[in-house]
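Residue 116 in the working numbering sits at position 114 of the sequence shown; the count goes up by one each step and never skips. In this text, a Cβ means the ideal position worked out from N, Cα and C, and glycines have one as well. First up is the structure itself, then whatever we jot down about it.
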Amino acid sequence: MKASSKNNPITEFDAPKPFRWNQYLVGGEIHTWDGDFEKVYSPMGAVKADGATDKVYLGESPTLDEAAGLKALAAAKNAYNNGRGYWPTAGAAARIAAMEKFVALMKEKREEVSTLLMWEIAKNKSSAYKEFDRTVDYINDTIEEYKELQRRGSHVASKDGVISQIRRGPLGVVLCLGPYNYPLNETFCLLIPSLIMGNTIVFKPAKYGVLLLTPLIEAFKKAFPPGAVNIVFGRGRTLAGPIMKTGDVDVLALIGNSKSSNALVAQHPKPNRLRQILGLEAKNPAIVFDDANIDQAVKECVNGALSYNGQRCTALKLLFVHKSVSEEFRTKFTAAVDALVLDHPETDCPLTPLPERNKVEQMEAYVDDAVSKGARVINNNAGRVSDTAFFPAVLFPVTKKMDIFHEEQFGPVVPIVEYEDLEEVMASIAMSDYGQQCSLFSSNEATIAYAVDNMVNQVCRVNINTSCQRGPDYLPFTGRKDSAVATLSVHDALRSFSIRTLVATGADQKELVGNVISGGQSTWMTTDYLL
Ligand code: G3H
Numbered sequence: 003m004k005a006s007s008k009n010n011p012i013t014e015f016d017a018p019k020p021f022r023w024n025q026y027l028v029g030g031e032i033h034t035w036d037g038d039f040e041k042v043y044s045p046m047g048a049v050k051a052d053g054a055t056d057k058v059y060l061g062e063s064p065t066l067d068e069a070a071g072l073k074a075l076a077a078a079k080n081a082y083n084n085g086r087g088y089w090p091t092a093g094a095a096a097r098i099a100a101m102e103k104f105v106a107l108m109k110e111k112r113e114e115v116s117t118l119l120m121w122e123i124a125k126n127k128s129s130a131y132k133e134f135d136r137t138v139d140y141i142n143d144t145i146e147e148y149k150e151l152q153r154r155g156s157h158v159a160s161k162d163g164v165i166s167q168i169r170r171g172p173l174g175v176v177l178c179l180g181p182y183n184y185p186l187n188e189t190f191c192l193l194i195p196s197l198i199m200g201n202t203i204v205f206k207p208a209k210y211g212v213l214l215l216t217p218l219i220e221a222f223k224k225a226f227p228p229g230a231v232n233i234v235f236g237r238g239r240t241l242a243g244p245i246m247k248t249g250d251v252d253v254l255a256l257i258g259n260s261k262s263s264n265a266l267v268a269q270h271p272k273p274n275r276l277r278q279i280l281g282l283e284a285k286n287p288a289i290v291f292d293d294a295n296i297d298q299a300v301k302e303c304v305n306g307a308l309s310y311n312g313q314r315c316t317a318l319k320l321l322f323v324h325k326s327v328s329e330e331f332r333t334k335f336t337a338a339v340d341a342l343v344l345d346h347p348e349t350d351c352p353l354t355p356l357p358e359r360n361k362v363e364q365m366e367a368y369v370d371d372a373v374s375k376g377a378r379v380i381n382n383n384a385g386r387v388s389d390t391a392f393f394p395a396v397l398f399p400v401t402k403k404m405d406i407f408h409e410e411q412f413g414p415v416v417p418i419v420e421y422e423d424l425e426e427v428m429a430s431i432a433m434s435d436y437g438q439q440c441s442l443f444s445s446n447e448a449t450i451a452y453a454v455d456n457m458v459n460q461v462c463r464v465n466i467n468t469s470c471q472r473g474p475d476y477l478p479f480t481g482r483k484d485s486a487v488a489t490l491s492v493h494d495a496l497r498s499f500s501i502r503t504l505v506a507t508g509a510d511q512k513e514l515v516g517n518v519i520s521g522g523q524s525t526w527m528t529t530d531y532l533l
């Protein structure tokens, strides 16, 4: 599909001053890298006559070698010290103080980080600031939830002649790998809870969205003890693979795809020891029933399928629409899509260029495949704007023969499937490799009741008359099948990154237990109540 969009070209704005980042954090020290570097370009820039973008140069990031990655692992292992290091044994007050110091320092970097979020991964202005603010809120909420967990752990029980105290303890060394679409928020939703629970971390940013993390390195160094957080830059194959091969990683925390996580897990010599906390691919469907409020369904589906150009794991990626309302839905949906503006993220428009290399070609391939098998592009503005920008294409009628029916497009192509028999829709969803969320559009209580009961065991969140999303962050975020392993939320992440540990003794030890607790010599055996 080579047709050019009729949309306006991307407006040009002054870019941030490029910088060469040559530092990484290992064992509490900021090291200077003098090996290879990777040039970082924005997906924005002047579009030349041939459609190629003269991408704005943003700077360089280090591509560390295997030895540097292994040093970071050794520092994390050393700081953990088989659970006897300072950080895993630190009391709750010390961990909270470190986290509070970090969040205070982080807040000072709001402008820098949000600006780089815009320029590196083309997240529009309000979403970039929102990602930053949401992350700060997440950290503050995590601190409060951690206090609550500690309060519960301060309870000493006596039952059936057994005195016991139960707390959640750390798991060990965490390898943390975040995604490019939420390089700050989703990464920190792994890193922050794992850290506050006393684990030690090796963190490597995703392929895109690297420079935006650099303003925070100093804050990590200042707030946390040496080795608790180690931050390395470079390629996954060079750094993550060899780190996994050592067998020294206790938790793989990754938001990305199952191909990467499976490849990493396979390299661990004792995978039974490895806890996996994974947010993976999804193919969230919407079902628009014959009794839906079409205007509401259109609004939610446009937003659900195309916010941040569809580059969200929670995006609606397949729309099933009942035949009796299909024409009305398509007419209104295509008009709404064509009314969207694709421009520079500084303009805060809903659609922006795509940061991934060859993404435009991938979108064109999905369209070409579907068209060759009988679908049509039914909106007017669809197609390539430049080599980094693609105006959304709405495909209809999409069938099971087409790649886009099964695969996660993670971009601006919206497939519409017309249905008459709901059982066929339900069967397709049940057969899908994915099981994160779905959206149901109907105003009828009987329809919703039936659909909810049939969907709750296919996915992990059923949204009624609203698009799919992760937030608010107190809700559990997980998935079935190839979509996730473990559950994340402010509350659940603390559980996922920890294990229940208890101290128990017979009732005849009451005096000893009482003396240990009142003596105040143990940070673990304490009944101190955190306020
Ligand atoms: O990429 C997947 C994100 O978890 C989606 O989060 O629903 O807040 O955009 P969101």
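Review point. Is it a yes or a no for the segment 178-195 touching the segment 134-149, going by three-plus beta-carbon pairs under 8 Å?
Key: yes
Point to revise | Rounded separation between residue 191 and residue 16 - CA only | key: 32 Å
**Study point:** For residue 232: DSSP bridge partner residues
**Key:** Paired residue(s): 204.
Check your understanding: So what does residue 63 bridge to, in DSSP terms?
Key -> 40
Practice item. Could you name the residues that DSSP lists as bridge partners for residue 171? Key: 501
Check your understanding: Taking buried to mean at least 16 other C-beta atoms within 10 Å of its own C-beta, is residue 368 buried or exposed?
Key -> It counts as buried.
Point to revise | Heavy atom of the ligand G3H within 7 Å of residue 411 beta-carbon | key: no
Review point. CB-CB under 7 Å to residue 229, same chain, minus the five flanking residues each way: which ones, in chain order?
Key: Closer than 7 Å at Cβ, skipping near neighbours: 29, 30, 77, 78, 80, 81, 202.
**Study point:** Residue interval of the alpha helix (DSSP H) (run including residue 226)
**Key:** Looking at the DSSP string, residue 226 is not in any alpha helix (DSSP H), and its letter there is neither H nor E.
Review point. Whole-angstrom Cβ separation of residue 504 and residue 167, contact assumed at under 8 Å?
Key: 6 Å
Point to revise | Coarse secondary structure for residue 407, derived from DSSP in three states | key: helix
Check your understanding: According to DSSP, what are the bridge partners of residue 244?
Key -> Here residue 244 is not bridged, per DSSP, to any residue.
Review point. For residue 167, is the beta carbon positioned less than 7 Å from some heavy atom of the ligand G3H?
Key: no
Review point. Would you call residue 207 buried or exposed, if buried means 16 or more other Cβ atoms sit within 10 Å of its Cβ?
Key: buried
Point to revise | Below 6 Å from a heavy atom of the ligand G3H - residues by beta-carbon | key: Those residues that bring their Cβ nearer than 6 Å to a heavy atom of the ligand G3H are 183, 184, 188, 314, 315, 316, 471, 472, 473.
Review point. So what's residue 212 in DSSP terms, helix, strand or just coil?
Key: In the structure shown, residue 212 sits in coil (DSSP, three-state: anything other than H, G, I, E or B).
Practice item. Check each candidate in 113, 451, 146, 276 and name the one with the smallest Cα separation from residue 177. Key: 276
Practice item. Mark residue 6 as exposed unless 16 or more other C-beta atoms lie within 10 angstroms of its C-beta, in which case mark it buried. Key: Confidence at residue 6 is low in this model, with a pLDDT of 45, below 50, so the placement of that residue should be treated as unreliable; the coordinate-derived value is given next. Burial call: exposed.
Check your understanding: residue 412 and residue 312: beta carbons closer than 8 Å?
Key -> Yes, these two residues count as a Cβ contact at 8 Å.
Review point. Which runs of the alpha helix (DSSP H) spanning at least 4 residues fall entirely within the segment 337-386, listed in chain order?
Key: Whole alpha helix (DSSP H) segments, 4+ residues: 361-374.
Review point. Under 8 Å between the Cβ atoms of residue 395 and residue 381?
Key: yes
Review point. Looking at the structure shown, is residue 486 part of a helix, part of a strand, or coil, going by DSSP?
Key: The three-state reading of DSSP puts residue 486 in strand, counting E and B together.
Practice item. List the endpoints of the continuous alpha helix (DSSP H) containing residue 531. Key: It is not in any alpha helix (DSSP H) - residue 531 carries neither H nor E in the DSSP assignment.
Point to revise | Cβ neighbours of residue 211 in the same chain (closer than 6 Å, five flanking residues each side left out) | key: 122, 123, 182, 185
Check your understanding: Can you check whether the CB of residue 332 is closer than 8 Å to the CB of residue 235?
Key -> no
**Study point:** Span separating the alpha-carbon of residue 41 from that of residue 73
**Key:** The alpha-carbon atoms of residue 41 and residue 73 are separated by roughly 24 Å.
Practice item. Give the secondary structure of residue 218 by DSSP, where H, G and I count as helix, E and B as strand, and everything else as coil. Key: Helix at residue 218.
Point to revise | Counted within 10 angstroms of its Cβ, other Cβ atoms place residue 109 as buried (16 or more) or exposed | key: The C-beta of residue 109 has fewer than 16 other C-beta atoms within 10 Å across all chains shown, which makes the residue exposed.
Check your understanding: Just to confirm, are residue 389 and residue 362 a CB contact at a threshold of 8 Å?
Key -> yes
Point to revise | C-alpha gap between residue 475 and residue 510, whole angstroms | key: 45 Å
Check your understanding: Between the C-alpha atoms of residue 455 and residue 449, what's the straight-line distance to the nearest angstrom?
Key -> 10 Å
Point to revise | Three-state secondary structure assigned by DSSP to residue 306 | key: Assigned with DSSP and collapsed to three states, residue 306 falls in helix.
Practice item. Kindly identify the DSSP beta-bridge partner or partners of residue 286. Key: 318
Review point. How long is the line joining the alpha carbons of residue 171 and residue 125, rounded to whole angstroms?
Key: 37 Å
**Study point:** Beta-carbon spacing of residue 45, residue 244 below 8 Å
**Key:** no
Practice item. Return the chain-ordered ranges of every beta strand (DSSP E) run that is complete within the segment 129-187 and spans a minimum of 3 residues. Key: 158-161, 164-171, 175-179
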